[in-house]
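K.L.:
Questions regarding the structure given below will be posed in turn.
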Amino acid sequence: MNLTRRNFLTWAGISAAGAVSCNIPFPEAELKIQSPVRLPEDLVKGQDNWYATLCRQCPAAEGVLVRVMEGRAKKVQGNPKYPVNLGKQSARCDAGLQALYHPDRLAGPMSRTGAKGSGQYKAVSWDEALNILNSQLSERGQGLALITEPLRAHLSVIAGRFATAFGGRQLGFQTLDDTSYRGAVKTVFGQDVLPGFDLAHADYLLSFGADFLSTWGSPTQFSQAYGEFRQGAGRVRRGTHVQVEPRFSMTAANADRWLPITPGWEGHLAMSLAYVIIDEKLQAPGVDVGNLTGGRGIAALEAFRPETVAPRIGLPQGLLDGHSAADFIRELARDFASHRPSLAIGGDSAGAHSNGQFNLEAIYALNYLVGSVGAPGGVVFNAASPLPDLPAAAKVGSLADWAGVAEDIRSGKTKLLLVHQADPVHGLPKSMGFRDALAGDNLFTVSFSSFMDETTALADLILPDRVYLEDWGSDIPEPGPGYPVLGFQQPVVNPLSDYNPRSFADILLASAQGKAGNLPWPKLRDFLRESSDALFALKRGSIQAADSGEFWTKLLQQGGWWDDKATNPRPGAAPRDLLTGIAARAVPPAYSGLADGEFHLLPFAHNTLLDGGNAHLPWLQGAPDPVTTITWQTWVEVNDRKVKELKWREGDVIKVESAAGFILAPVYPNPALPPNVVAIPLGQGRRSGGEYAAGRAAPESANVMDLLEDRRVAVSGALAWAGARVRLTPTGESIRISKFEGSSPAREIGLTPSEDIFKTVESNGAAGAAH
Amino acid sequence: MQEGRALTPTQINRDLLRPILEQPKWFWPAVFVLSLIVLVGVSVAGYMINRGLGVTGLNRPVAWAFMITNFVFWIGISHAGVMLSAILRLAKAEWRRPATRAAEVLTIFALSTALTMPIMHTGRPWRAIYWLFPYDFARGVWPSVRSPLVWDPSAIMTYLTSSTLFVLIALVPDIAVLRDHTTGVAHRIYSLLSLGWQGNARQWKFQVVAGVLLSALILPVFVSVHSIVSWDFGMSVTVKAWHSTTFAPYFVIGAVHSGVSAVVFVMIILRQIYGWQDYIRKEHIDALGRLLIVVATAWFYFLCMEIIFGIYGREADELAMREMQFLQYPWNVLMIIFAGITYFLPVALWLPRTFRRNLWIMSFACISVNVGMWLERYLIIVPGLARKQVFTFTWQTYMPSWVELTLVLSTFGLVSLLLLLFSRVFPLIPLYDIKEGEFLRTSVQVGRRTVPATIRED
Amino acid sequence: MATERVNHKWGMVIDLDRCTGCQACVVACHAENNVPINTQDRFLQHRAYEWIRIERYWEGEFPNVKARFLPVLCQHCENAPCEPVCPVYATYHNDQGLNVQIYNRCVGTRYCINNCPYQVRFFNWWEPQWPATLRNQLNPDVTVRSRGIMEKCTFCIQRLRRGELTVERQEGGRLDDKTMQERNFGPACVSACPTNALMFGDQRDPKSAISPYFADANEHVHEEDRKTRAYRLLEEMNTKPNVIYLKKVDQYPLKLKQGEQNG
Ligand SMILES: Nc1nc2c(c(=O)[nH]1)N[C@H]1C(S)=C(S)[C@@H](COP(=O)(O)OP(=O)(O)OC[C@H]3O[C@@H](n4cnc5c(=O)[nH]c(N)nc54)[C@H](O)[C@@H]3O)O[C@H]1N2
Ligand SMILES: Nc1nc2c(c(=O)[nH]1)N[C@H]1C(S)=C(S)[C@@H](COP(=O)(O)OP(=O)(O)OC[C@H]3O[C@@H](n4cnc5c(=O)[nH]c(N)nc54)[C@H](O)[C@@H]3O)O[C@H]1N2
Ligand code: SF4
Ligand code: SF4
Ligand code: SF4
Ligand code: SF4
Ligand code: SF4
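If you read the sequences in order, they're chains A, B and C.
The end of the first sequence is residue 787 by this note's numbering, with every number in the run present.
The end of the second sequence is residue 459 by this note's numbering, with every number in the run present.
The end of the third sequence is residue 268 by this note's numbering, with every number in the run present.
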């Protein structure tokens, strides 16, 4: 065979053509694909029902709908009718399902067999368990303490009257208690119930410390309004949000402008703004400055001249746009006062310093100057409870109260402790010795928890409560929408046969029968039904019904009763001498912790785990922290350049030391944190509570409360949890941080910021409203 | 160019059939060790399939890494066969004779080994049949002909089929010799396989025509296979580092680079273990070394082009990818090692004639090229995925797990084992080809020197 | 059941000026779609599943620093790069504008994940595990994906289908914004989103809140011509996503110099 180039090409061509021609084309029809997902016969035919009830994943207790199929709850979702959250929800909401079907749920009543805290229990029957409870109540019930979650409405009545009947006290427990805030609201607005904010119509929002988009107050309600504040239809301009906060919270991350100042000086800044407003006569028309200042005018605030305040509050130089710090304060005051309706709110760390209540009073008083109290776009006061007997404000214990409870236990005045939905052993600073008080032999502790937690682990008797999706309940939202609301919670499923819980409220009612007067209802449901009839008798509000039975049905279908026609509660006039009084109370923050501590410690409530009460729910452990994207872990946020300067790396285990003790946690370099501040989330460090809450030891999981001393906010007696001084020392160890973000710095790589994927438009004045 | 001493046909038969007719002492121990390695690989693959791909180091976004690298690597090796056989055969390069068979067999085994990689790398390998064959196995749905993952098996299967035919056709005369040298069962099997080969003129003619035909067919297939393998990457509009128009020729030439190097190494080994100094002569190795310089340089040109095209556009994310490749530890170190051992070091070693004729140095250079070419694919695949788009938030790196390491290492055991077993039953050097070479070989007087030459009448 | 189906084309609009990064959408999607529990190991292995995720980007340095929250889910590209590379048509485009994933067809090549520019496909590296009691929560309308296959956002197709079935076939109405919202037929993430940053609807329904944005983005190829803040992610790739983003309004943009690398 003669192989020339020509021959070769011929053969190659023929061979290739032969190979190609074997590819018989497919008929077009064969390429059309149908998905089985599209065939109706593949859909599950089961009937689903959506029941209205209340969410109890956080104290806001918003309205939800629960999808139930064949006796199992499948999905929790905001109730579109419920006035507070209007169908929306937070990241915590869905996880109620995991509480319901949690593998670590306590199956039934248990009685302690080993030493206190040993975790040795034996299962007992409900009859036995209730006998023990009742005999303990008669033996040592006098002077009992009933610790619950912050309660409103029906359960508040039951728990309160129950405790009173035994000469004891009932207190709501909050790890980061809001008593200073409540105190400030009382002083400034004369209100017992926490106010709401008409963010949706505000033009300018000046927020001090309050992480209101994540955990503070009523986050879903606020977020809903915040969306409107940003891009609500029909607005003239988009709202401007300035966040004054030493920590870069999720809320700060959303602000148009973040002003990190030295912790504890928020009140001074607010007073300085007031000074400028009065000095430059920027107050809203009709605002009586003389009344606020006791007639002294600007002289009353002389101590708060921007020139005096500016050097003390630590505004970072880089933010000032070439202004002096004092001029910057003036500009801020002008912006705030001129973009009415403007609104000043404060909370969280701003109120958690020794001078916290002063800070909050100063902040909220600003609303008077801009005419935002009780006005559209301003502070909204809660309506009175629709049924006068039902408290609309939660009763929350301050640190002073908890010290009192601990003292009563130690002194033997309190010999019986009942705990429901509260974990003070985990949530109070270790230095207060609450764990030791509970471990004492004189005390008998009954826990009504459905899950093991730090307090329950010290209990003598455990009577697992129903999870809220299996139980009755109610709520008066605080803050509410400005008109009366009474939310109703109903059982949407029965407990699985694996569990044998009983309702806490019903146990209290049963035990009170014959002993405590004024608790005539056999069950909580009866009490609720009675209130339903009372609401029916009002003949107004969201439910039209022919008779009380129909009313009750509709009430449950709708998830509650409300009356949006009821007039908005009007505020009284501003208290006379308000600003003068506040100015007189002004003191600089007194930091606790180590005198030589280089960093201010700012603990914060975790976006999903809050103070740790949700730590047993895997969805919430696995939900990334919005700012750091860290999951399943404790971490210490330190400024990234500081980390580099100290030659640390992400994940290096750091010993964080205060006067009260130390914890170990890995470091997360955060570009948005002042170099002298460290932030540590609450939520981890649980020692009991099953696989998800307690499965990890330090440094993965540590409790920042262990670092806090018994330091209190002046007047309110709340825990001054912000601004303790700490020292950081590397341990030489390093762990991997379980975060969602990748291994590179997540920054845009375009040539100018926000070029490639995250696009922005600059707003110019009135632009940027609806579109 | 013919060196070495003249050989008689009897001697050729005796030498080249030695591994088959007399069993070397080390044979079974070697088989045992290699089988053990393969067995470990099979068990680990079983473990991986049983537990799920979680046991690998793969993640999001690096969803392809070690095993796909290894797949491309073995496909690359497989290109040795055709490169040497088809091209050199068609070009009638004399020095090809001892190399062709080993190269072709290596092709088949490397291809088969390569195929196991992407299959076990899928989440559900037991469903491979759905997409490997153009047939509507799944509810009347044909495989999607738009997917390079359908082109890929088609190309590889075609290549495998044609290479196997190629080897078989070339084997027939040798099998006939074996038939004549064996008795008993072996004799009967060889009789069957020899397809009644008598060595008459008509049979020789058919054998030659078939060989040429297949050479001609296989050359486009050979080019297409690695082009198509490169399109597994090149068609990926999303992965900036992969979406390059030069990928097809770049991959083909790279495959030739690693494949020929591998063949050189295999030849050196065969020469040593079977004492084939008279057949695989230093001049052959020398010739291949010179060929490799050309191939390597062509490949290096494409490497440079790939990088230049990559960074020329100055797209932020592509630059970030290149930054990872070139500047970030450990990729920068790997990159330097890669460029050194794939081009600069081996080419430096191939340049001097003495080095080309030093078997140690040649072995070293050829292994170096192959380690380097393995790294090349790794450095394309992993950084490309780790930095694939502007979503820096999702960027990740990758570390192989012990499972992937074991699997990759065991494929080397598998190919060695298959080659060894093959050499036990068939001659790895074509008898008739050598004999033909001897027959054609003569000496010519050029001036005052007598030089070897091959006279051929076309 | 052969009635003619309403010719929907679904689409989502994400307002970056509203999104606060709160993660409500993420958890809601987990609950609705039987997304396996993201254990700590999955995060450490970089294999966590979030069909919708909130990317947090940094801009600038302290104190001139900003965080940007970008929700990313499957963009349901009309021109989806993930589709042609799948050898078994396990991922394909349906006539309602959805990129659909057929679990039982997928063989797990992970080619699609390479070819998705938005990084929203999730491969099941392990068999998903739930403690026995937690399985009670699983949504019976959604397949639990076994190991070895690809999964991703479906636009909650099971809810849309239930809606079409109930509203359009049984009641003879039309599945519009309002019905989806009120009767829970819209995607779970949209329903959850407290700031209403996520909007969902039918692009072919002129009354839908999303249609003006789609109309704007489709009519005006160049961003600068658009009347709204609409843009698509990686628009230049021409994947034609059925998800539109609305630009964040930046009141106080960081004054980084032109050409200065951010960070
Ligand atoms: N996958 C794929 N392959 C194809 C095609 C296809 O559509 N898809 N099309 C085919 C066709 S028709 C063609 S023409 C070829 C094109 O093939 P190539 O020429 O490879 O085309 P590109 O990749 O567009 O461009 C090559 C490089 O040039 C750089 N470049 C841009 N501007 C300049 C310049 O001013 N000067 C220089 N020196 N370089 C510049 C680009 O950044 C890019 O890296 O591809 C062919 N192959
Ligand atoms: N944005 C951008 N634009 C570019 C380029 C780029 O890099 N970027 N590259 C430029 C370059 S280099 C080129 S070459 C052009 C290519 O641009 P075009 O020439 O437009 O190339 P295609 O779109 O690949 O093919 C055109 C059409 O031909 C059809 N077709 C295929 N085979 C046949 C056939 O046998 N007969 C007939 N009648 N039709 C057939 C195809 O289906 C397709 O619809 O694009 C140019 N435009
Ligand atoms: S904020 Fe979230 S967890 Fe709290 S009540 Fe509302 S939905 Fe439930
Ligand atoms: S976003 Fe990714 S997965 Fe979704 S359709 Fe587009 S390419 Fe496919
Ligand atoms: S992983 Fe599944 S869906 Fe993706 S390309 Fe492979 S077979 Fe297709
Ligand atoms: S549309 Fe449905 S599947 Fe997609 S991200 Fe939202 S909730 Fe998840
Ligand atoms: S739920 Fe809405 S606001 Fe929250 S992260 Fe998701 S898209 Fe953003």
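Virtual Cβ for every residue (Gly too), placed ideally from N, Cα, C.
1) The alpha helix (DSSP H) spanning A:K570 covers which residue range?
2) What first and last residue would you give for the beta strand (DSSP E) that runs through A:Q259?
3) Under 9 Å, Cβ to Cβ, is there at least one residue of chain C near A:F520?
4) Compare the C-alpha of A:L167 against each of A:P75, A:S223, A:F182, A:S106 and name the closest.
5) For the pair the region 36 to 55 of chain C and the region 114 to 124 of chain C, tell me if three or more CB-CB distances fall below 8 Å.
6) Suppose the cutoff is 6 Å on Cβ atoms and the five residues either side in sequence are ignored; what does the same chain contact list for C:C111 look like?
7) Excluding sequence positions up to five away, which residues of its chain have a Cβ less than 6 Å from the Cβ of A:R72?
8) Could you tell me whether any Cβ in chain B is nearer than 9 Å to the Cβ of A:G758?
9) Whole-angstrom Cβ separation of C:A36 and A:D110, contact assumed at under 8 Å?
10) Once DSSP output is grouped into helix, strand and coil, what is the label at A:I30?
11) Just to check, is the beta-carbon of C:I90 closer than 8 Å to a non-hydrogen atom of ligand 5?
12) Given the structure, does C:P86 come close to ligand 4, in the sense that its CB is under 8 Å from one of the ligand's heavy atoms?
13) Could you name each continuous beta strand (DSSP E) segment of 3 residues or more that falls completely within the region 211 to 262 of chain A, going from the start of the chain to the end?
14) With a cut-off of 9 Å, does the C-beta of C:R174 fall near any C-beta of chain E?
15) Give the range of the beta strand (DSSP E) segment to which A:V82 is assigned.
16) Would A:C689 and A:F352 qualify as a contact pair, given that the criterion is a beta-carbon distance under 9 Å?
17) For B:P126, which residues from the same chain have a beta carbon less than 7 Å from its beta carbon, with the 5 sequence-adjacent residues on both sides left out?
18) According to DSSP, is C:I154 helix, strand or coil?
19) Give me the residue from C:Q28, C:H13, C:Y116 with the minimum Cα distance to B:V151.
20) What separation, rounded to the nearest whole angstrom, lies between the Cα atoms of A:R346 and A:H339?
21) With a floor of 4 residues, list each alpha helix (DSSP H) that falls wholly inside the region 128 to 178 of chain B, ordered by position along the chain.
22) For A:T776, which of helix, strand or coil comes out of DSSP?
23) Helix, strand or coil for A:T195 per DSSP?
24) Could you name the residues of the same chain whose beta carbon sits closer than 6 Å to that of B:K283, not counting the 5 residues immediately before and after it, in chain order?
25) Which residues in chain B sit within 8 Å of C:Y62, going by Cβ to Cβ distance?
26) If contact is defined by three or more beta carbon pairs under 8 Å, each pair taking one atom from either stretch, is the region 174 to 186 of chain A in contact with the region 148 to 163 of chain A?
27) What's the gap between the Cα of C:E60 and the Cα of A:S760?
28) Whose CA, out of B:K389, B:C367, B:V295, lies closest to the CA of B:E316?
29) DSSP puts B:Y379 in a beta bridge; with which residues?
30) Beta carbon of A:F205, beta carbon of A:F397: below 9 Å?
31) Is any non-hydrogen atom of ligand 7 found closer than 8 Å to the C-beta of A:C4, if you look at the structure I gave you?
32) Could you spell out where the beta strand (DSSP E) holding A:R185 opens and where it closes?
33) Can you check which of these residues, A:V669, A:L594, A:W577, is closest to A:G496 by C-alpha distance?
34) Between A:E764 and chain B, is there a C-beta pair that is closer than 9 Å?
35) C:D146 to C:G191, Cα distance in whole Å?
36) Do you know whose CA, among A:A290, A:G183, A:S106, lies nearest A:G233's CA?
P.N.:
Put simply:
1) 564 to 574
2) 256 to 260
3) no
4) A:P75
5) no
6) A95, I154, M155
7) Y484
8) yes
9) 4 Å
10) helix
11) Sequence inspection shows Val at residue 90 of chain C; the Ile mentioned does not correspond to that position. For ligand 5, at least one heavy atom lies less than 8 Å from the Cβ of C:V90.
12) yes
13) 220 to 224, 256 to 260
14) Chain labels in this structure do not include chain E; the protein chains are A, B and C.
15) 79 to 85
16) The displayed chain sequence assigns Leu, not Cys, to residue 689 of chain A. No, these two residues do not count as a Cβ contact at 9 Å.
17) I50, I120
18) coil
19) C:Y116
20) 10 Å
21) 130 to 133
22) strand
23) helix
24) R358
25) T393, F394
26) yes
27) 13 Å
28) B:K389
29) According to DSSP, B:Y379 bridges with nothing at all.
30) yes
31) Nothing in the structure corresponds to residue 4 of chain A, since chain A is present only between 17 and 787.
32) 185 to 188
33) A:W577
34) yes
35) 14 Å
36) A:S106
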